[in-house]
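Report on the structure given below.
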Amino acid sequence: MKKRNLVTLLLISVFVSGLIGQGFQETGKLEWVVKDRDFSRSFMEAYIDTLMEVFEDMDELEVQETDELRVIVGIDVEGQASLQNIYAKGRSGVLNKLVKTVLDSMDQTMVMAIQSRRYNWDYLSAVDVGGGRGEVINVFEERSNKQVRDAFWWTHRRVDISVFPRIFIRVNPNFAFATEFGRPDLGFPAAASRTLNLGLATEVLKFYVTLPATYLNVLGDSNSPLEGTYGGVLKFDSPNFGGSLSFQDMNFRTNSKMSTFGDTSNSVYNPSSGQFYYSFTSRIGSLPDQPGFVPIGSLRLQLGFTYMQYAYGQVIDANNNGKGSFSQLDRSDPLESMFGLFRAEYASDMNDRFFNRIKLAAQLNIGLNGFGGFDFSTSYTITEWLGVNLNMTYFWSPMTFTYIDPNTSAVRAYDWEPGFFLVPSIALYF
């Protein structure tokens, strides 16, 4: 079994190394909106100063320092980028095209800076600038994490019933009602954790209330999932840092029906957890007419640690009425609760219909005591409204709990082995 694990890890390493080694070259038109208000203001100040120098007799300005900038860059067949147009959008919603003569007269470091996209930016539909759709891709070495982050953390659609599985219903562009099964951030996605997360999500924060729930697992008889109960989860994800805090309490399930628990004789759940990671995103892949098996896209890597506590016990029906309560027998100590985190996420660039055709994610959680798991998921979008997903999770080296038997007072040990989980699903987008 250990040799098989080593071979699996070696193959994963080769795969990731191969992705990173892919070259890149693209053609088309790029359009985006500048989200960095400080940078936008400094650029507009420089533009207006130059404008007044070039057109000294100008009575009034159609643009202001507070306008939102929209940028269009053209890419030639050799992959060279050149600035085509910049639009300034005022509070009235009117788009004013910046004068090329003025842009050519400006300090070119400012013009180069706006092309570099080394600031907060977002994708832009070409409809806003009165032109046809351009390819929503990035040809610069500096890659925004938004492309791949949105594919897993967020969604581009109004309604997204998608990966892991999950359901997102967007109320407005920055806010959504969200539902997710399992604890994917902790390495227990979908069926590996009998938990349903229900709450609110934005592009940076997620706040969930956790509920006990079961999701279909193809290999349902060969594993022992993490038990779920009531609690709360707070997650955050910024361009470079992210993490989560969570708690669950089995006391909330006192006098619950015995049939609602997974394994009443040996029940394991997560009382509390904390996670922190650093992430960075790079561009990988090749065009269809170039050598390589990975389409052009974004690869995001996350490195960090997780503190995840495990509690072991039994569900006891003291009154013989079909209802039981959890009785704790053992709990993981601080060293047993520490895990190293490595996660890789890949999403192919959005096409002209604004969806990522291919999404891949792999996560490795390794505990200081040897317990850990590997999670892999893949998603293929067939059309702009339909896709297929597959999630596989495997845990090696059991977590051992030592406790005193309440009936015999003998010291006993229980090896918890979550096992292997296989979850196929269909993705629907609206």
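Letter by letter, the sequence shown follows residues 1113 to 1542 in this note's numbering.
Every residue gets a Cβ at the ideal spot worked out from N, C-alpha and C, and that includes glycine.
If you look at residue 1359, you'll find it isn't in any alpha helix (DSSP H); it sits in the beta strand (DSSP E) that goes 1353-1360.
Between the stretch 1322-1329 and the stretch 1515-1525, the count of C-beta pairs closer than 8 Å stays below three; the two stretches do not touch. Beta-bridge partners of residue 1143 (DSSP): 1184. Residue environment for residue 1297: buried (at least 16 other C-beta atoms within 10 angstroms of its C-beta). Taking the Cα of residue 1310 as reference, the smallest distance to any Cα among 1281, 1299, 1316, 1335 is reached at 1281. When beta bridges are read from the DSSP output, residue 1259 appears opposite no residue. No residue range can be given for residue 1342, since it is assigned to no beta strand (DSSP E) and is classified by DSSP as neither H nor E. Boundaries of the beta strand (DSSP E) around residue 1389: 1384-1396. Residue 1458 has 1411, 1472 as its beta-bridge partners, per DSSP.
Looking at the DSSP output, residue 1511 sits in a beta bridge with 1528.
Taking C-beta atoms as the reference points, residue 1506 and residue 1483 fail to come closer than 8 Å. Judged by DSSP secondary structure, residue 1199 falls within the beta strand (DSSP E) whose first and last residues are 1193-1201. The residues 1259, 1260, 1395, 1396, 1397, 1458, 1459, 1460, 1461, 1468, 1470, in chain order, have a CB closer than 8 Å to that of residue 1409 in the same chain once the five nearest residues on each side in sequence are set aside. In this structure, 1541 is the residue among 1152, 1502, 1541 with its C-alpha nearest to the C-alpha of residue 1495.
Beta-bridge partners assigned by DSSP to residue 1234: 1145. Residue 1271 sits in a strand when the DSSP states are folded into three classes.
By a beta-carbon distance limit of 8 Å, residue 1491 does not contact residue 1277. Their separation comes to about 10 Å. By the 16-neighbour rule on beta-carbons within 10 angstroms, residue 1533 is buried. Shortest Cα-Cα distance from residue 1522 to any of 1510, 1441, 1529 involves 1441. Here residue 1166 is not near residue 1204, since their CB atoms are 8 Å or more apart. In the DSSP annotation of this structure, residue 1325 is not part of any alpha helix (DSSP H), being labelled neither H nor E.
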